[in-house]
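J.: Before I ask anything, let me first share the structure, which is written out below as structure tokens.
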Amino acid sequence: MTKARFDDLIHAPVRLRICGVLRQVDQMDFAVLRDTLDVSDATLSKHLKTLAEAGYVSLSKAASASRSDARRLTWIALTPAGRDAFGAHLQALQEIAGIPE
Amino acid sequence: MENDFERNPSPEEAAASLRGLAADRQALADGVHVPKTLLAALGGVAAWWVAGAAVANPGENYAPPSSGWLALVAALVTFHLIRRETGISFRKMGLRAGLVTVAIIALCLILFSISLGLVSFGARWAVVLTSLSAFGIVSWLAGVAFRSALDQLRQ
Chain C
11 MTKARFDDLI
21 HAPVRLRICG
31 VLRQVDQMDF
41 AVLRDTLDVS
51 DATLSKHLKT
61 LAEAGYVSLS
71 KAASASRSDA
81 RRLTWIALTP
91 AGRDAFGAHL
101 QALQEIAGIP
111 E
Chain D
418 MENDFERNPS
428 PEEAAASLRG
438 LAADRQALAD
448 GVHVPKTLLA
458 ALGGVAAWWV
468 AGAAVANPGE
478 NYAPPSSGWL
488 ALVAALVTFH
498 LIRRETGISF
508 RKMGLRAGLV
518 TVAIIALCLI
528 LFSISLGLVS
538 FGARWAVVLT
548 SLSAFGIVSW
558 LAGVAFRSAL
568 DQLRQ
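Right, here's the structure in full:
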């Protein structure tokens with residue numbers, strides 16, 4: 011069972027939403043995440059950088075057959091540390107909100 | 418500029434955050450477009466494999482057609498293309514999608530066996546019917562499995 015731990019870094023609204031969406035998948039394309047959250051490229055990039063620096067998300071590039079230029083698909087995933095931290099943060103939110111698990 | 422939080426949220430704020438996460442999960446599942454062409458391609462792979470029975474010689478000298486391995490590779494390539502097109506690599510497919518996948522494999526094996534039976538009775542032409550059945554049913558079941566996996570995203 012995950013122990014509740016409130017994480018200030020995760021709780022910033024956009025970062026909380028990023029982790030919440032990534033938790034549901036193994037990996038996700040940058041564009042799909044941006045469209046799901048309805049945020050700009052710059053905003054998403056900024057928060058992903060913060061999460062990556064904390065070791066909570068990993069980013070990997072893959073070639074894209076649909077693009078003729080050098081741009082690549084960026085796949086984003088929660089790391090095991092990020093998954094644990096987000097799980098603990100969710101527990102903390104549920105405790106604060108008084109929602110039984 | 419979004420700052421890191423220095424205090425714990427109130428119960429109302431925490432509940433609102435959790436509701437927001439549920440809404441994002443819903444938006445994620447709703448935003449994924451179903452790759453119908455690629456799901457039909459999976460049906461095509463199944464039909465191709467079942468059609469391989471038409472050139473087999475059931476009986477003592479029966480040798481499984483090599484198209485089985487090619488069909489497996491084609492199916493794996495199609496799964497990769499589905500991942501690329503949707504931009505999502507699923508973490509969990511869910512029980513229902515898993516059961517449908519097992520049903521797809523069982524159905525292909527049954528239709529292949531029926532096809533071999535038809536060939537052994539000299540009705541080689543009838544393999545067209547089993548092959549078309551494989552295409553239709555597998556395409557449909559692949560869609561059911563994909564939509565079930567999307568439902569899993571909502572939970």
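As they're listed, the protein sequences go chains C and D.
Under our numbering, the first residue of the first sequence is numbered 11, with each subsequent residue one higher.
Under our numbering, the first residue of the second sequence is numbered 418, with each subsequent residue one higher.
For glycine and all other residues, C-beta sits at the position ideal for the given N, C-alpha and C.
Fair warning: this is a prediction, and the values are worked out from it, not measured in the lab.
#1: Going along the chain, which residues of its own chain have a beta-carbon closer than 7 Å to the beta-carbon of Gly-461 of chain D, five neighbours each way excluded?
#2: Alpha carbon to alpha carbon, what distance is there between Ala-14 of chain C and Leu-100 of chain C?
#3: From the DSSP output, read off the bridge partner residues of Lys-71 of chain C.
#4: For Ile-505 of chain D, which beta-bridge partners are listed by DSSP?
#5: Below 8 Å, can you find three or more Cβ-Cβ pairs linking the segment 455 to 469 of chain D to the segment 551 to 569 of chain D?
#6: Can you give the Cα-Cα distance for Leu-526 of chain D and Thr-495 of chain D, rounded to whole angstroms?
#7: Could you check how far apart the C-beta atoms of Val-35 of chain C and Ile-531 of chain D are, in whole angstroms? I think they sit under 8 Å.
#8: Within the continuous alpha helix (DSSP H) that includes Thr-63 of chain C, where are the two ends?
#9: Taking the alpha carbon of Ala-466 of chain D as the point to measure from, which residue in D:Glu-477, D:Leu-456, D:Pro-481, D:Gly-476 has its own alpha carbon closest?
#10: Around the Cβ of Thr-53 of chain C, are there at least 16 other Cβ atoms within 10 angstroms (buried) or fewer (exposed)?
#11: So with Cβ pairs under 9 Å, would you call Gln-101 of chain C a contact of chain D?
T.: According to the data block:
#1: Along the second sequence, one-based indexing puts residue 461 of chain D at 44. These residues qualify, in order along the chain: Phe-552.
#2: In the first sequence, counting from the first residue as 1, residue 100 of chain C sits at position 90. In the first sequence, counting from the first residue as 1, residue 14 of chain C sits at position 4. Between Leu-100 of chain C and Ala-14 of chain C, the C-alpha separation is close to 7 Å.
#3: Working through the first sequence from its first residue, we reach residue 71 of chain C at position 61. Paired residue(s): C:Thr-84.
#4: Indexing the second sequence from 1 puts residue 505 of chain D at position 88. Looking at the DSSP assignment, Ile-505 of chain D forms a beta bridge with C:Met-38.
#5: yes
#6: Indexing the second sequence from 1 puts residue 526 of chain D at position 109. Indexing the second sequence from 1 puts residue 495 of chain D at position 78. Distance between the alpha carbons of Leu-526 of chain D and Thr-495 of chain D is about 20 Å.
#7: The count along the first sequence starts at 1 and reaches residue 35 of chain C at position 25. The count along the second sequence starts at 1 and reaches residue 531 of chain D at position 114. Going by Cβ atoms, the distance from Val-35 of chain C to Ile-531 of chain D rounds to 38 Å, so no, they are not a contact pair.
#8: As a first step, residue 63 of chain C must be located in the first sequence, where it is residue number 53. The displayed chain sequence assigns Glu, not Thr, to residue 63 of chain C. That run of the alpha helix (DSSP H) goes 51 to 63.
#9: The count along the second sequence starts at 1 and reaches residue 466 of chain D at position 49. The question names Ala, yet the displayed sequence has Trp at residue 466 of chain D. Trp-466 of chain D has its Cα closest to that of D:Pro-481, out of D:Glu-477, D:Leu-456, D:Pro-481, D:Gly-476.
#10: For this step, residue 53 of chain C is matched to residue 43 along the first sequence. Classification of Thr-53 of chain C: exposed, given that the 10 Å Cβ count is below 16.
#11: Taking the first sequence and counting its residues from 1, the one referred to as residue 101 of chain C is at position 91. Output row for Gln-101 of chain C: interface = no.
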